[in-house]
Amino acid sequence: MDQQPEKFNNLRRPQEDWQKVPDIGRVLRKHASYAILSHTWLQKKPEVIYGDAKDTQKWWSVQSKRGMGYRKLEGFCRVAREDYSVSLAWMDTICINKDSTSELDESIRSMYRWYKNASVCVVYLGDSTSLDDMHADRWFTRGWTLQELLASGLSSRFYNKHWKAMIDPNDFIPAVYRSLGSFSEILPVIQKATGIDPKDLYGFEAGLQSGVASRMSWAAKRTTTREEDQAYSMMGIFDVSFPIAYGEGADRAFLRLIEAMLASDSHCLDVFNFAGQITSRCSSQVIPSSPESY
Numbered sequence: 000m001d002q003q004p005e006k007f008n009n010l011r012r013p014q015e016d017w018q019k020v021p022d023i024g025r026v027l028r029k030h031a032s033y034a035i036l037s038h039t040w041l042q043k044k045p046e047v048i049y050g051d052a053k054d055t056q057k058w059w060s061v062q063s064k065r066g067m068g069y070r071k072l073e074g075f076c077r078v079a080r081e082d083y084s085v086s087l088a089w090m091d092t093i094c095i096n097k098d099s100t101s102e103l104d105e106s107i108r109s110m111y112r113w114y115k116n117a118s119v120c121v122v123y124l125g126d127s128t129s130l131d132d133m134h135a136d137r138w139f140t141r142g143w144t145l146q147e148l149l150a151s152g153l154s155s156r157f158y159n160k161h162w163k164a165m166i167d168p169n170d171f172i173p174a175v176y177r178s179l180g181s182f183s184e185i186l187p188v189i190q191k192a193t194g195i196d197p198k199d200l201y202g203f204e205a206g207l208q209s210g211v212a213s214r215m216s217w218a219a220k221r222t223t224t225r226e227e228d229q230a231y232s233m234m235g236i237f238d239v240s241f242p243i244a245y246g247e248g249a250d251r252a253f254l255r256l257i258e259a260m261l262a263s264d265s266h267c268l269d270v271f272n273f274a275g276q277i278t279s280r281c282s283s284q285v286i287p288s289s290p291e292s293y
């Protein structure tokens, strides 16, 4: 056999050289791990938004005033760095350019995946001081936070309004594998506030395989600032996607959610397992009008 050209021989690397190549997963976990914040927007005070960070003059003004929005951002970044040793952090208020329709659409349809893939989800409970009053926090009443809770699962860490951990952050994951250990204290509070059984919460898988009616019931009493978000915030939960269209109304948005679910799995009969009001948006008598129908 003729000897291969030198240029091809140079492409072959000894096995021991390949063994020196670092594992890509380990490299990504070290350098691309990120923390993500789950919270409710302030009701009477401004949040720090994308435009503030892009404009130098606005940013200096935000920093100098040190309002509640800035202190929330600062607290989140500090916790991400000090408690979880990550250098990357994502917060919806400042990381989404809501002036861009395409970016907003992409963000909403990607939100579940972003929360699921985060190395840690920091849950900021702005109304709570301890486990005793945690169940009454506004965070448990909002539509988007349900998706964030389900997506994050074992990576969720809860903090009170003073940025004090509800339980020791280091106890969380090890405790889960020791019959939940000290974390068992927080599970009844979550169940009381959400109606979600712990086994459903921490064994959660997005999709239509089972439990459509029960998942709808979890969202039934939650509210959103924009009415269409009641449907948009459930796309990730059911692993479906469709374009957002603010202004279409809550009933139309929910109908499109149901249509996307049936398009994904036409044999998912649990979609029709409801006893409440039917939609007026189509002639069918078997399509629910909203999560409250369940």
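Residues 0 to 293 in this note's numbering are what the sequence shown lists, from first letter to last. Yeah, the Cβ is synthetic: ideal placement off N, Cα and C, and Gly gets one too.
Check, Outcome
"In chain order, each alpha helix (DSSP H) run of at least 4 residues that lies wholly inside the region 215–250", "228–231"
"DSSP bridge partner residues for ARG141 (one or two, in chain order)", "THR222"
"Of the residues PHE273, VAL285, SER155, the one placed nearest SER201, counting alpha carbons only", "The sequence shown places Tyr at residue 201, rather than the Ser named in the question. Measuring from the Cα of TYR201, the nearest candidate turns out to be SER155."
"Whole runs of the alpha helix (DSSP H) within the region 93–158, excluding any shorter than 4 residues", "100–116, 130–133, 142–151"
"Helix, strand or coil at PRO45 [DSSP, three-state]", "coil"
"N-terminal and C-terminal residue of the beta strand (DSSP E) that LEU36 is part of", "33–37"
"Exposure of PHE171, with buried meaning 16 or more beta-carbon neighbours within 10 Å", "Interpretation of PHE171 is limited by its pLDDT of 49, a score under 50 that renders its predicted location unreliable; the figure taken from the coordinates is listed afterwards. Per the 10 Å Cβ criterion, buried."
"First through last residue of the alpha helix (DSSP H) which encompasses LEU200", "197–201"
"Which of helix, strand or coil DSSP assigns to LEU207", "coil"
"Closest Cα partner of ALA43 within the set MET67, GLY275, TRP58, GLN56", "Checking the displayed sequence, the identity of residue 43 turns out to be Lys instead of Ala. Closest option to LYS43, Cα to Cα, is MET67."
"Residue environment, GLY246, which counts as buried when at least 16 other CB atoms sit within 10 Å", "exposed"
"Rounded straight-line distance, which links the Cα of MET233 to that of ALA259", "11 Å"
"For TRP89, the three-state DSSP class (helix, strand or coil)", "strand"
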